[in-house]
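K.L.:
In the numbering used here, the protein residues as written are 2 to 176.
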């Protein structure tokens, strides 16, 4: 028998270790594959509890804003309709909020301009009577009240949501 077919006891132990590692790698790879590719969380339906995120409700809002409300470019009526829809949804959210959560909805008109450099070109835009709809949600009382008192706000429930649109005016922008 040729010399390269003879194994010492150390070679056999090494071979057993190599086979064991290969089997362990195969089992772990199969487990990881099943977790990544086969075990998904089922999205909640539209009739899910209101305090839980529902993918179906989110898709319904996206559908309403992208398909049913047409022409959301600046100066088009669809932008105002979208702002009314979003503000209505925020007001419904405010009505459903518990007594330990304070939700504020604020609508303001702003005017101004900005200038930015993009790929070596100057881009400027001026705006007048631009409407900002702002929603703030904060806790009032609860388990985190000590942190709220210490930091001045609740970082776990500090959400600002902004929607911008131009208001309906007959003013020109070329003053």
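Every residue, glycine too, gets a C-beta built ideally from N, C-alpha and C.
None of these values were measured; they are calculated from a predicted model.
(1) Taking all protein chains shown into account, do 16 or more other C-beta atoms lie within 10 angstroms of the C-beta of residue 140, making it buried, or fewer, making it exposed?
(2) Could you check whether the stretch 111-124 touches the stretch 88-96, counting it as contact only if at least three pairs of C-beta atoms, one from each stretch, sit closer than 8 Å?
(3) Give me the residue from 136, 79, 29, 22 with the minimum Cα distance to residue 102.
(4) Span of the beta strand (DSSP E) holding residue 112?
(5) Judging by CA-CA distance, which residue of 54, 115, 133, 134 is the nearest neighbour of residue 126?
(6) When you compare only the Cα positions, how much space is there between residue 72 and residue 78?
(7) Under DSSP, the alpha helix (DSSP H) around residue 54 begins and ends at which residues?
(8) Can you check whether the CB of residue 60 is closer than 9 Å to the CB of residue 1?
(9) Are the Cβ atoms of residue 35 and residue 44 separated by less than 9 Å?
(10) List the DSSP bridge partners of residue 99.
(11) Where does the unbroken alpha helix (DSSP H) through residue 33 begin, and where does it stop?
P.N.:
Taking the definition as stated:
(1) buried
(2) In this structure the stretch 111-124 does not touch the stretch 88-96; the number of beta carbon pairs closer than 8 Å is below three.
(3) 136
(4) 102-119
(5) 115
(6) 7 Å
(7) Per DSSP, residue 54 belongs to no alpha helix (DSSP H) and is neither H nor E.
(8) The requested residue 1 is not part of the displayed model; the chain covers only 2 to 176.
(9) no
(10) The partner list for residue 99 (beta bridge, DSSP) is empty, contrary to what the question assumes.
(11) 10-39
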